[in-house]
Amino acid sequence: MEIAVIPAPVRAASPPGAPFVLNTGTRIVVGPDPATAAIATVVAESLTRLGGLAVPTVAKDSSEPGAVVLRLTDDRSVLGLSVDVDAARSMGAYRLEVSRDRVVVTALDLPGLLHGVATLEQTSDRTRGSVRFPPLVATDAPRFGWRGLSLDVARHFFDVAAVRKVIDVMAGLKLNVLHLHLTDDQGWRLDVPSRPELAARSGGTAVDGDPGGYYTVEDYQEIVAYAQSRCITVIPEIDVPGHVNAALHACGELTPSGEPAPAYTGIGVGHSRLHADLEATGNFLHDVFTDVAALTPGHYVHIGGDEVLTMRPAEYASLVQAAATHVRAAGKGVVGWQEIAKTPLGPDTVVQYWTGAQGAEPVIAAAQAGAQVLLSPAHKVYLDMKYDDETPVGLVWAGHIEVRDAYDWEPLDVIPELPAECIVGVEAGIWSETIRSVDELFLLLLPRLAAVAEVAWSRPETRDWNDFAARLSVLAPRWTEAGLSWYRSPRVQW
Ligand code: ACM
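Everything in the sequence shown is counted per numbering that gives the first Met the number 0, starting at 0 for the first residue and increasing by one.
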C-alpha cells in the first residue's frame, strides 16, 4: 500500500515534496464551464467540513498558492490514462495532481471531478492539527460504468436523513447508482400522485408491525437532487407482479374478491401477485409506472419481476410487458431482476442477475438478444447476509459473507459465457427484513460496500485482498468520525 485510496486507482504515486495544507488561502477555482459550479459547491462544502475553515469558490485562477482547480477537458490524452477505456466506460475518469501550492483535478465530465476530489479527501492527513494532503499524481478511470447499491426501504423504512448518509458514503466510494426498492409486501414507500391510497394505506406498515413511513413527492425529489449533486443516479423500483401485498392491501380492486388484502408483516416471499385478468391491474400499472417515471430524472425505472411463484409464465410475461410498456412510453429504460430475462422486452433493458439457483441460460439468451446485465450475485454482494454466526442482524440464506468474500470475486467469472461487453456493472444489495436502525444498516454495509465498490471500479491487476485490508484499516476510522457504525472484521488488522 503506497496510498490508502478505496477503490484502488489505476495509477497513483507520491512524488517527494511538501504537502498541500488547507488554510485560509484555500479556494476552489472553477473553470469556464458553468456546469462545474454546482460541483464546486459540493466540493467546497466537503473541504470546509474537513478543515473547519470556509473554502470559497472563485472563477479566476491566479498563481497564488492554495488553489484547488477543477478543470473539465475534452482531450482524453490530458488524463494520461494507461489503460484502454472506451468512451462509454470512461465516465468518471480523472487526473489528480497534488503539490504544495495547488491541487488540480482534470476530468472529462462532472463525475470525474467529484471522483478526483473523493480520492483527494481519502488521502488527507489530519494528525498534525491541520489538514494536509501529501503530494500525489493519480490517473484513474472506472472499470464498470454502473456501480450501484440497491437499498430496501420497504421491509423497514429509512427516512431522507438516513438515505443522505448512505449517499455520502456511496459518493466517497465512487458509486454512482442508488436503486431504491420502494415497494414490497410489507410496505409502500413512495406517494404516487395519481394513487394517494397506496402510501396512505400501506406507507405505515413494516415487518413485525414496526413503524413504517413513506417519501412524499418532495422527499423523493430531495433524495434525487441530493444524489444528483453527487453524480449518483436514483433508480426507483416498483416491484411487480409479485411482492405486491402492500398494493393489494391499499387497493381492494387489485384482488379477485375486490376486498383489500390484510397487511403483511412477515418476511416470507412469493405469496402475493397481481392478476392480469382484472381491469384494475392494467390501470394500476399504467398510473404507477407513469407517475414514477415522471418523477425520476434518471434514465431507468426498475420493474422488479422477482420471485413470482404462483403465476403461469404467460400471465407473468403479460404483466412484465405491461409494466415495461409504461416505462418505455415515458422515455425510460427498463431494469428488472433476472426473472424478467425469459420475457422478451426489447433493447434498452437491463437484467439484474442475483442468483445461480435459476440457471444462467435465460440471462445469456437475453444478453444475446440485446439486453445488458447487471451483476448482483447474492452470495457476494447481498450485504444483509451476516458476516458470521455472531452478527446481531441479517439473514443467512445466501451464506455468511465476510469482508473478504465480498471482495474476492471477479465479475467476468459470474456467468463465464456472458460476453464482457454485455456487463454494465456491479450492484450491491441490502434487504431490510431484519434491519431496524441506521446503526444496523451501516454495520452491515461497512466495510463490505467498500469491497464491492473496489470490485466495480478497479481492474483485476490493481486488486489484492491484503492491500485492500491495509487501506481499509486506514480509512475505516473515518466512518467512526462520521458517526457511522461498521464491522470490525477479525480478519482485518485494524
Ligand atoms: C431478490 O433477491 N429477490 C431479487
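No residue lacks a Cβ here, since even glycine has one placed at the ideal position from N, Cα and C.
None of the values given here were measured: they were computed from a predicted structure.
Continuous alpha helix (DSSP H) stretch holding residue i: start and end
i	result
ASP139	Careful: ASP139 lies outside any alpha helix (DSSP H), inside the beta strand (DSSP E) at 135-139.
LEU46	35-50
SER472	464-480
LEU443	437-444
TRP456	447-456
VAL402	402-406
VAL116	109-121
ALA377	377-380
HIS325	312-328
ILE363	360-367
Check: residue i C-beta below 7 Å from any heavy atom of ligand 1
i	result
ALA170	no
TRP353	yes
TRP336	yes
GLU426	no
GLU236	no
GLU432	no
ASP305	yes
Beta carbon of residue i nearer than 8 Å to that of residue j
i	j	result
LEU95	ALA137	yes
LEU308	GLY269	yes
PRO259	HIS248	yes
LEU284	GLN320	no
PRO6	TRP464	no
PRO376	VAL326	no
VAL206	LEU179	no
GLN357	GLN337	yes
VAL29	THR56	yes
VAL423	GLY144	yes
ASP139	HIS114	yes
GLU314	CYS250	no
PRO133	ASP124	yes
LEU544	ALA419	Any question about residue 544 goes unanswered here, given that the chain covers just 0 to 493.
VAL102	LEU119	yes
ILE166	TYR225	yes
VAL4	GLN121	yes
ASP290	SER193	yes
THR35	LEU107	no
THR390	ALA370	no
ALA293	ALA329	yes
ILE363	ILE302	no
LEU71	ASP32	yes
LEU49	VAL130	yes
Proximity test, residue i beta-carbon vs ligand 2 heavy atom, cut-off 7 Å
i	result
ALA377	Questions concerning ligand 2 fall outside what the structure shown contains, since the ligands it does hold are ligand 1.
Own chain partners of residue i with C-beta closer than 6 Å, once the 5 adjacent residues on each side are dropped
i	result
ILE400	MET384
GLY398	HIS378
ARG163	TYR225
VAL243	SER271 and LEU273
Own chain residues within Cβ distance below 8 Å of residue i, not counting five before or after
i	result
ASP438	SER484
TRP353	ASP305, TRP336, GLN337, SER375, PRO376, ALA377, TYR381 and GLY428
PRO312	LYS341
LEU440	PHE157, ALA161, VAL165, ILE429, SER431 and ILE434
VAL52	In the sequence on display, residue 52 carries Leu and not Val. For LEU52, where only same-chain residues beyond five positions count, the Cβ hits under 8 Å are LEU21, ASN22, THR23 and THR25.
Bounding residues of the beta strand (DSSP E) (the contiguous stretch that carries residue i)
i	result
LEU95	93-97
LEU69	66-71
ILE339	Counting along the chain, ILE339 falls outside any beta strand (DSSP E), and DSSP gives it neither H nor E.
VAL104	101-106
LEU411	First-last for LEU411: 410-413, but that is the alpha helix (DSSP H), not the beta strand (DSSP E).
THR348	348-352
GLY303	299-303
GLN371	371-374
VAL423	422-429
ALA3	Taken as a continuous stretch (DSSP letters only), ALA3 belongs to no beta strand (DSSP E), as it is neither H nor E.
ALA419	Unbroken run through ALA419: none, as it is neither H nor E.
VAL392	It is not in any beta strand (DSSP E) - VAL392 carries neither H nor E in the DSSP assignment.
ILE434	Segment: none, ILE434 is in no beta strand (DSSP E) and carries neither H nor E.
VAL130	Element bounds for VAL130: n/a, residue is neither H nor E.
VAL29	26-29
Neighbourhood of residue i by C-beta, 7 Å cutoff - its chain only, sequence neighbours within 5 removed
i	result
PRO110	MET90, GLY91, ASN175 and CYS230
ARG435	HIS155 and ASP209
GLN185	ALA153, ARG154, THR204, ALA205, VAL206, ALA245, TYR263 and THR264
GLY297	THR232, VAL233 and ILE234
VAL54	THR25, ARG26, ILE27, ALA43, LEU46 and THR47
>> Ignoring anything shorter than 3 residues, give me the beta strand (DSSP E) runs that lie fully in the segment 224-281, in order along the chain.
In response: 232-239
>> I'd like the ranges of any beta strand (DSSP E) spanning at least 3 consecutive residues and lying wholly in the segment 141-200.
In response: Secondary structure remark: continuous beta strand (DSSP E) runs of at least 3 residues inside the segment 141-200, in chain order: 145-151 and 176-180.
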